[in-house]
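When we follow our numbering, the leftmost residue of the sequence shown carries the number 88, and every step to the right adds one. One structure is given below, encoded as structure tokens.
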Amino acid sequence: MTKREKSKRLKIILVVLTILTTISSIQLEILHGEPFMGISFKALVWIHIVVSSLFIVVASNHIAIYWGDIKGWITRFNKLKKRHTKWLISFFLVTGLTGIIVALPFIIGDNHSTLGGIHGKLGFAALIFTFLHPMKRFRG
Ligand code: HEM
């Protein structure tokens, strides 16, 4: 598979995962701990963890196509001219990190944490930049 074909395939997968992550995030935000169509809230959080982690992994592969080895990513990030792309990456970084932190009380004790709410708001900001990212005037 050529680099161009791989890039195109990843972009299609990313669109699907963006939609799934958005649905899952809105669901958790609205439900406030309640089950949905017979699916327990805990199961919905697990679905969210799997879908959004997959999203971050595929997005990292998408970045690697343009930026190559992870060792050079900080330099490439600092050289970015488009401020929107910097915000996009920054919001994803903190969303991913806070996601891992809030996942721990869930795995251990089924608890909602205050940080969970903050993580959700950061996640929505990341998603807004994700929707803007493919638009021509924001691309960078
Ligand atoms: C990819 C971007 C992500 C977005 C847009 C996102 C968005 C959200 C939203 C909106 C909520 C609901 C917050 C609330 O109840 O007020 C949430 C909860 C949660 N997220 Fe994410 N998330 C993302 C990534 C992740 C990742 C990577 C993980 C874990 C590895 C994760 C783990 C969790 C957990 C455990 C909760 C429940 C927290 C709680 O209720 O205390 N999220 N997320």
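Note that the Cβ used here is the ideal one computed from N, Cα and C, for glycine as well.
Within 8 Å, strictly: CB atoms of residue i and residue j
{"i": "Leu97", "j": "Asn148", "result": "yes"}
{"i": "Ala146", "j": "Phe179", "result": "yes"}
{"i": "Leu115", "j": "Gly207", "result": "yes"}
{"i": "Lys127", "j": "Thr108", "result": "Residue identity check: residue 127 is Ser in the sequence provided, not Lys. Cβ distance not < 8 Å, so Ser127 and Thr108 don't count as in contact."}
{"i": "Leu202", "j": "Ile188", "result": "yes"}
{"i": "Phe193", "j": "Val132", "result": "yes"}
{"i": "Lys93", "j": "Ile152", "result": "yes"}
{"i": "Ile136", "j": "Ala190", "result": "yes"}
{"i": "His199", "j": "Gly125", "result": "no"}
{"i": "Thr105", "j": "Thr217", "result": "yes"}
Run of the alpha helix (DSSP H) containing residue i, from where it starts to where it stops
{"i": "Ile187", "result": "170-196"}
{"i": "Phe219", "result": "Correcting the residue identity first, residue 219 is Leu in this sequence and not Phe. First-last of the alpha helix (DSSP H) with Leu219: 201-219."}
Beta-carbon contacts of residue i that lie in its chain and below 6 Å, excluding the five residues immediately before and after
{"i": "Val181", "result": "Leu209"}
{"i": "Ser112", "result": "Gly210"}
Nearest-angstrom beta carbon gap, residue j and residue i [assumed within contact, 8 Å]
{"i": "Gly183", "j": "Ile143", "result": "5 Å"}
{"i": "Leu175", "j": "Ala213", "result": "7 Å"}
Nonlocal neighbours in the same chain, by C-beta distance under 7 Å from residue i, ignoring five residues either side
{"i": "Phe123", "result": "Gln114, Leu131"}
(request) With a floor of 4 residues, list each alpha helix (DSSP H) that falls wholly inside the region 110-165, ordered by position along the chain. (result) The region 110-165 contains these whole alpha helix (DSSP H) runs: 128-154.
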